[in-house]
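Notes follow the structure.
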Amino acid sequence: MGKITFYEDRSFQGRCYECSSDCPNLQTYFSRCNSIRVDSGSWMLYEQPNYQGNQYLLRRGGGGGGGIPRLPAVDGPQRLHQLLPPHPPSESLRQQDSLGGCFIDVEQAGSHRIRLYEREDHKGLMMELTEDCSCIQDRFHLSEIRSFHVLEGCWVLYEMPNYRGQQYLLRPQEYRRYQDWGAVDAKAGSLRRVVDLY
């Protein structure tokens, strides 16, 4: 079970809220958030309540990660924005004290396996991955994936190569069309396994 702590003020000060399970609406617990500490586990931030809007994966750990922000803590809005993907953040994330979003603990698995399909409803060419893929175009000669079947583990799909751009959490289940994972189109640039670092 993971744990994440939200603080109303910078430098992990002020009123705080600890969370160790799904929370569809953080706005009911605090009015602003200026620092976040990931104590354990991996968490997905949603810009809006009820798991809506852009998604951002936050992980415990240190250092790089090629686009997945592995952070022991987020302190202040500027640092949070520097760790987010390089596309423009929405208005709710630009406002320094308002996340307006939700986090859920991302379940971990020992092994990872995902099937990618070039057409909706798991039709057309099928490819399978068990490791990270930094460029779907280079590996499979496709820039769009129309459906997925996640067999094991959680994955993060990025709209651009090298783990950049919009992120989508893919849990073990079938995704028959791009709308099922919350996208507005079928762009698929890279895929990364969610592997926890405790």
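Take any residue in the sequence shown, count from 1 to its spot, add 38: that is its number in this note's numbering.
In this text, a Cβ means the ideal position worked out from N, Cα and C, and glycines have one as well.
Taking 8 Å as the threshold (C-beta atoms), are R214 and H150 in contact? By 1-based counting over the sequence shown, the position of residue 150 is 112. By 1-based counting over the sequence shown, the position of residue 214 is 176. No, they are not a contact pair.
Between N200, F178, M82 and Y201, which lies nearest to R209 when the distance is taken from Cα to Cα? If you number the sequence shown from 1, residue 209 lands on position 171. For the residues N200, F178, M82 and Y201, the minimum Cα distance to R209 belongs to M82.
Do R177 and E166 come within 8 Å of each other at the CB atom, strictly closer than that value? On the sequence shown, position 128 is the one that residue 166 refers to. On the sequence shown, position 139 is the one that residue 177 refers to. No.
Exposed or buried, N92, counting other C-beta atoms within 10 Å across all chains shown (16 or more means buried)? Here residue 92 refers to the residue found at position 54 when the sequence shown is read from its first residue. Buried.
For C173, which residues from the same chain have a beta carbon less than 8 Å from its beta carbon, with the 5 sequence-adjacent residues on both sides left out? As a first step, residue 173 must be located in the sequence shown, where it is residue number 135. The answer, listed in chain order, is P199, N200, G227 and S228.
Could you check the C-alpha separation between D170 and S73 for me, to the nearest Å? Counting from 1 along the sequence shown, the entry for residue 170 is found at position 132. Counting from 1 along the sequence shown, the entry for residue 73 is found at position 35. Looking at the two C-alpha atoms, the distance is approximately 30 Å.
DSSP three-state call for F186: helix, strand or coil? On the sequence shown, residue 186 is found 148 positions in, with the first residue counted as 1. In this structure, F186 counts as strand in the three-state DSSP scheme.
Could you spell out the range, first to last residue, of the alpha helix (DSSP H) harbouring Q175? Counting from 1 along the sequence shown, the entry for residue 175 is found at position 137. I174 to F178 is the span of the alpha helix (DSSP H), which, as asked, contains Q175.
Using the C-alpha atoms, what's the distance from L163 back to R184? Within the sequence shown, numbered from 1, the residue matching residue 184 stands at position 146. Within the sequence shown, numbered from 1, the residue matching residue 163 stands at position 125. Their backbone Cα atoms lie some 11 Å apart in a straight line.
Cα-Cα separation, E85 to L95: Position 47 of the sequence shown, counted from the start, is the residue given in the question as residue 85. Position 57 of the sequence shown, counted from the start, is the residue given in the question as residue 95. If I take the Cα positions, the gap works out to 12 Å.
Pick from C54, G52, T168 and N63 that is closest to L189, judged by C-alpha positions: Translated into the one-based positions of the sequence shown, residue 189 becomes position 151. Taking only the C-alpha atoms, the option nearest L189 is T168.
Return the chain-ordered list of same chain residues with a C-beta closer than 6 Å to the C-beta of R157, the five sequence neighbours on each side being excluded. For this step, residue 157 is matched to residue 119 along the sequence shown. Around R157: R184.
Whole-angstrom Cβ separation of T43 and E56, contact assumed at under 8 Å? Position 5 of the sequence shown, counted from the first residue, corresponds to residue 43. Position 18 of the sequence shown, counted from the first residue, corresponds to residue 56. 5 Å between Cβ atoms; contact.
Cβ neighbours of Q51 in the same chain (closer than 7 Å, five flanking residues each side left out): For this step, residue 51 is matched to residue 13 along the sequence shown. Same-chain partners within the cutoff: Y45.
I need the DSSP call for Q65, collapsed to helix, strand or coil. Against the sequence shown, residue 65 aligns to sequence position 27. Three-state result, Q65: helix.
Could you have a look at R108 and say whether DSSP puts it in helix, strand or coil? As a first step, residue 108 must be located in the sequence shown, where it is residue number 70. Its pLDDT being 37, under 50, R108 is placed unreliably in this model, and the coordinates cannot settle the point.
So what's Q217 in DSSP terms, helix, strand or just coil? Mapped onto the sequence shown, residue 217 falls at position 179. DSSP places Q217 in helix when its eight states are reduced to three.
Are the CB atoms of L180 and V194 nearer to each other than 8 Å? What you label residue 180 is simply residue 142 of the sequence shown in a count that begins at 1. What you label residue 194 is simply residue 156 of the sequence shown in a count that begins at 1. No; because the gap between Cβ atoms is not below 8 Å, this pair is not in contact.
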